[in-house]
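For the protein sequence lines, the chains are A and B, in the order given.
Each residue of the first sequence is one higher than the last, beginning at 1128 in the working numbering.
Each residue of the second sequence is one higher than the last, beginning at 5 in the working numbering.
Report on one structure; see the data block that follows.
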Amino acid sequence: GAGVSQSPRYKVAKRGQDVALRCDPISGHVSLFWYQQALGQGPEFLTYFQNEAQLDKSGLPSDRFFAERPEGSVSTLKIQRTQQEDSAVYLCAGEPSGGEGTGELFFGEGSRLTVL
Amino acid sequence: AQSVAQPEDQVNVAEGNPLTVKCTYSVSGNPYLFWYVQYPNRGLQFLLKYITGDNLVKGSYGFEAEFNKSQTSFHLKKPSALVSDSALYFCAVMAYNFNKFYFGSGTKLNVKP
C-alpha cells in the first residue's frame, strides 16, 4: 500500500485479555518503530526493528509486551494480560533506511487500545 | 539523557498572523531535532529537521524552525498562519544511535479565521 497500515484501528479489551496489534509498513522500509501515545502526551518509544532484527526493546514497559517482525515486513505488537494502564494509542512508524537514518519517519494512524 | 519540552499546551493565533510554537531540548552530544504534525485522525507527518548547517531550516507547508544552540531551543515558525494549520505539533530529538526519538508532549495550534 501507499502508506503505513495499522489494524485494528480501535480495540476494546477486558482487563486480563491478550491483544495483538498489526503494522504493515511501506514496502522496502528497513526500519520499523513502535511507539505508545497516552492521552495528552507525546509518543514514547517502545521498540525498534531493522529488518527482522529487534535491535532495541528498551522501551517496552513490562514483559507482558512483545513485538516481532519475523520476515522483515509486517510487525505485530502483542500485549498479554492487558491492564488499564495499557490504554493508549499504539503507533507504528517506518523509515526507508537502517542504521544511520534520516529521521523522517512515516507513521500509521495508530491503534487505539482501551482496556476496561 | 535526551528530552524535549514544549512549554505551551495550546497556541491561539489569528489567520494571517505569524505563529511560533516553542520547543527546548536537552541532549548529550550534537542535537538532531525534528518537528512533526498530527492532524485529527491522521498519523504524525514529518515537517522539518535540523541535523547540521544553517540554523534556520525550512520545511513543508511554509513552516520553518530556528535552531539556537545557546538557548537550546528549536522553535517552529510560520510568517502567516492558515486555518488549515490547526493541528497538534510535536517537537522531537533523535537519540545519538538513530534508533529512537524523544517527543515533547505536543502543542495544539488553533488558527482562527
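For every residue, glycine included, the Cβ atom is placed at its ideal position computed from N, Cα and C.
Here the structure is a predicted model, which means the values were calculated and not measured.
Contact of Leu1204(A) with chain B is not assigned, every C-beta pair being separated by 8 angstroms or more. For Ser109(B), the C-beta contacts it makes with chain A under 8 angstroms involve Gly1167, Gln1168 and Gly1169, in order along the chain. Pairing Pro22(B) with Ala91(B), the inter-Cα distance amounts to about 16 angstroms. The alpha carbon of Leu1240(A) has as its nearest neighbour, out of Thr1174(A), Ser1189(A) and Gln1211(A), the alpha carbon of Gln1211(A). Under DSSP, Ile1206(A) takes part in a beta bridge, and its partners are Val1146(A) and Phe1192(A). Using a Cβ distance threshold of 8 angstroms, Leu80(B) and Val115(B) do not count as a contacting pair. For the segment 1128-1161 of chain A, the set of residues with a beta-carbon nearer than 8 angstroms to any beta-carbon of chain B comprises Gly1130, Val1131 and Phe1160, in chain order.
In the structure shown, the three-state DSSP call for Tyr65(B) is helix.
The residue among Phe105(B), Ala99(B), Cys95(B) and Pro117(B) with its C-alpha nearest the C-alpha of Thr111(B) is Cys95(B). With a threshold of 16 other beta carbon atoms within 10 Å, Asp13(B) falls short and is exposed. Taking each of Thr24(B), Ala9(B) and Tyr36(B) in turn and checking the Cα distance to Asn103(B), the smallest one comes out for Tyr36(B). In terms of Cα proximity to Lys1205(A), the closest of Gly1130(A), Pro1135(A) and Ala1129(A) is Pro1135(A).
For Glu70(B) and Asp1183(A), the gap between their C-alpha atoms comes out near 31 angstroms. One Cα belongs to Glu1198(A), the other to Leu1173(A), and the distance between them is close to 20 angstroms. Those residues of the segment 52-80 of chain B placed with their C-beta closer than 9 angstroms to a C-beta in chain A are Lys53 and Ile55, ordered along the chain. Nearest CB-CB separation between Lys104(B) and chain A: below the 8 angstroms threshold. The Cβ atoms of Gln1133(A) and Glu1236(A) sit closer than 8 angstroms to each other.
Between the alpha carbons of Pro1152(A) and Leu60(B) lies a gap of roughly 32 angstroms.
Around the beta carbon of Ser88(B), fewer than 16 other beta carbons lie within 10 angstroms, which makes this residue exposed. For Asp1190(A), the closest of Asn1178(A), Asp1213(A) and Ser1200(A) by C-alpha to C-alpha distance is Asp1213(A).
Identification of chain B residues near Gly1237(A) by a Cβ-Cβ cut-off of 7 angstroms yields Gly47, ordered along the chain. In the three-state scheme derived from DSSP, where H, G and I count as helix and E and B as strand, Ser1238(A) is classed as strand. From the listed residues Ser109(B), Pro83(B) and Ser74(B), the smallest Cα separation to Glu19(B) is found for Pro83(B).
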